[in-house]
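J.: Numbering (the working numbering), first residue to last: 22 to 193.
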């Protein structure tokens, strides 16, 4: 697998992974109609906005490619967005196509975000995850500690989000 910094040319592939991973990850968590109404075009627009605002907000995105050059996962992160007193960096999104999960790609992508944050002298990291998301076990396995939780509403459904934190990202 190849891990690299994402470019504007990657936006359609990132959008595809985003939608496809949402549909498999959140099946049974979100109503089916919410997942089925997501489109690649909507996510492309969202990612174009993210890339356009990248210089102002300092987010960065990494992609993982399979041996055929197809993007099969991505991570997006940057400065922590809610002013948390302990955690300065945040993993905003981590999605990998189901067929490529459990191969160490997620850890590599999180490490890439942590490394980029370290270049900014940030050694702490936070990620918000739906409590019902099986990825919670992944974050625990790579050393994340539950540090907070909150209720959110998505697609008309109230869900619980939990935050996992790392106070020393050099241990990732």
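Where is the CB? At the ideal position from N, CA and C, for every residue including glycine.
Can you grab the Cα-Cα spacing for the pair residue 182 / residue 136, in whole Å?
T.: As a working mapping, residue 182 is identified with position 161 in the chain shown. As a working mapping, residue 136 is identified with position 115 in the chain shown. In a straight line, the C-alpha of residue 182 is about 25 angstroms away from that of residue 136.
J.: Is the separation between the beta-carbon of residue 114 and that of residue 133 shorter than 8 angstroms?
T.: Counting from 1 along the chain shown, the entry for residue 114 is found at position 93. Counting from 1 along the chain shown, the entry for residue 133 is found at position 112. The answer is no: Cβ separation not under 8 angstroms.
J.: Quick one, are the C-beta atoms of residue 85 and residue 94 less than 8 angstroms apart?
T.: The residue labelled residue 85 in the question sits at position 64 within the chain shown. The residue labelled residue 94 in the question sits at position 73 within the chain shown. It is a contact, given that the beta carbons lie within the stated cut-off.
J.: Nearest to residue 27 by alpha carbon, out of 155, 90 and 82?
T.: For the purposes of this step, residue 27 is taken as the residue at position 6 of the chain shown. Minimum Cα distance to residue 27 is reached at 82.
J.: Roughly how many angstroms lie between the CA atoms of residue 54 and residue 157, to the nearest whole one?
T.: Residue 54 sits at position 33 when you count from the first residue of the chain shown. Residue 157 sits at position 136 when you count from the first residue of the chain shown. Roughly 24 angstroms separates the two Cα atoms.
J.: Would you mind sorting residue 46 into buried or exposed? The rule is 16 or more other CB atoms within 10 Å of its CB.
T.: The residue given as residue 46 occupies position 25 in the chain shown. With 16 or more other Cβ atoms within 10 Å, it is buried.
J.: Identify which residue in 186, 160, 189 and 29 has its Cα closest to the Cα of residue 73.
T.: Locating residue 73 in the chain shown gives position 52, counting from the first residue. Cα-wise, what sits closest to residue 73 is 29.
J.: For residue 179, which residues in the same chain have their Cβ closer than 8 angstroms to its Cβ, ignoring the five residues on either side in sequence?
T.: Locating residue 179 in the chain shown gives position 158, where the first residue counts as 1. If we look at residue 179 and ignore the five residues flanking it on each side, its Cβ neighbours are 172 and 173.
J.: Starting from residue 84, trace the beta strand (DSSP E) both ways and give me its first and last residue.
T.: Counting from one through the chain shown, the residue named residue 84 turns up at place 63. That run of the beta strand (DSSP E) goes 81–86.
J.: Express the C-alpha separation of residue 117 and residue 188 in angstroms, rounding to a whole number.
T.: The residue given as residue 188 occupies position 167 in the chain shown. The residue given as residue 117 occupies position 96 in the chain shown. Cα to Cα, the separation comes out at about 25 angstroms.
J.: Going along the chain, which unbroken runs of the beta strand (DSSP E) with 3 or more residues stay wholly within the region 89–171?
T.: For the region 89–171, whole beta strand (DSSP E) runs of length 3 or above, ordered along the chain, are 92–100, 110–117 and 146–151.
J.: Just reading off the alpha helix (DSSP H) that residue 35 is part of, what are its end residues?
T.: In the chain shown, counting from the first residue as 1, residue 35 sits at position 14. Run containing residue 35: 32–46, per the alpha helix (DSSP H) assignment.
J.: Pairs of beta-carbons, one from the region 100–109 and one from the region 138–156, closer than 8 angstroms: are there three or more?
T.: Yes, the region 100–109 touches the region 138–156.
J.: Tell me, to the nearest whole angstrom, how far the beta carbon of residue 92 is from that of residue 163; I am working on the premise that it is less than 8 angstroms.
T.: Position 71 of the chain shown, counted from the start, is the residue given in the question as residue 92. Position 142 of the chain shown, counted from the start, is the residue given in the question as residue 163. With 8 angstroms as the limit, residue 92 and residue 163 do not qualify as a contact, their Cβ atoms being about 22 angstroms apart.
J.: What did DSSP end up calling residue 58 once you bin it into helix, strand or coil?
T.: Your numbering for residue 58 matches position 37 in the chain shown. Correct three-state label for residue 58: helix.
J.: Measure from the alpha carbon of residue 193 to the alpha carbon of each residue in 150, 184, 125 and 152, then state which is nearest.
T.: Position 172 of the chain shown, counting from 1, holds the residue named residue 193. The option with the nearest alpha carbon to residue 193 is 125.
J.: Would DSSP call residue 23 helix, strand or coil?
T.: Numbered from its first residue, the chain shown carries residue 23 at position 2. If DSSP states are grouped into helix, strand and coil, residue 23 belongs with the strands.
J.: Looking at residue 109 and the ligand MG, is the gap between the Cβ and the nearest heavy atom below 7 angstroms?
T.: The ligand MG is not part of this structure, which contains no ligands at all.
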